[in-house]
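Report on the following structure.
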Amino acid sequence: MADEAPTNRSSSARAVRLQPLTAARIHRLWQAGAGDPHWPLADRSERAFRRLAEEAAAAEAFGCGWMRAVETSCGDKWMIAGLVTARIPDTEWLPTGVTACECGTYLLPPFRGTGIHVSVKDALLELCWDTWDCEWCLFVVPVSNPAARRALAKLPWPVRRSGSDAGTPDFARLGKRRAWETGEACEVFAVRRNDWMRLDGRRWREGPAARSAAASARAPSHGPDAAHTP
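Each residue of the sequence shown is one higher than the one before, counting from 3 in our numbering.
Following this line, the structure appears as structure tokens:
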């Protein structure tokens, strides 16, 4: 995959950028993360991770998916912090007439709880909607992963639970498909393009008071609960 201009979105603490998965970045990601219990592959070999990256590169060539390395600034250096993925699900798993992409994030252990999560999701959503003309970005979360749901709860945009929140399509078929693939029950959470564009990452950078005002202005039950969760 050829190098390209990075996607940059900065937070008050650290800047975040999404970078192409070069061979060097693939090796650094694997080296730092393969021992993590939450590593995204059951096969923890570097070969398996390279194969995953190759499949993502092929999907990108066909316009139906991609993977990027996450880098964050630490002083005057950029450190690899994780990866993000996005793909267009088969239309048979989506409600009729609904356009959506499916997203995922993985942060290396040293970067969890450091405050970069919202910046990463912001950059991920921006790149998704720069890439595809779709209305929804979806996050399929195993029911057994409460940490992922808590992380989604911290996002400044309405995060809607599929089939539960008013005005949100029912993505149950996609959730069941992923459950069949992974062997774990899954829930689907959705961010709507217009909701993200209204805030566009600004209010969360302005601090808790602005976030609270933004939340009060939203219609009730936009998120998985009234307080708005992962």
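C-beta: ideal position from N, C-alpha, C; glycine also.
It should be emphasised that the depicted structure is a prediction, and the values quoted were computed from it without experimental measurement.
Counting every other CB atom within 10 Å of its CB across the protein chains shown gives residue 173 a total of 16 or more, marking it as buried. Sequence-distant partners of residue 142 (beyond 5 residues in either direction) whose C-beta falls short of 7 Å from its own C-beta, in its chain, are 104, 176, 177, 180, 188, 190. Taking a 10 Å sphere around the C-beta of residue 193, we find 16 or more other C-beta atoms and assign the residue as buried. Within 10 angstroms of the beta-carbon of residue 47 lie fewer than 16 other beta-carbons, which makes it exposed. Counting only residues of its own chain and dropping the five nearest sequence neighbours on each side, residue 95 has a CB closer than 6 Å to the CB of 175, 176, 179.
Excluding five sequence positions before and after residue 166, none of the CB atoms of its chain fall closer than 7 Å to its own CB. Straight through space, the alpha carbons of residue 70 and residue 25 are spaced by roughly 12 Å. Note on residue 121: 16 or more other CB atoms within 10 angstroms of its CB, so buried under the neighbour-count rule.
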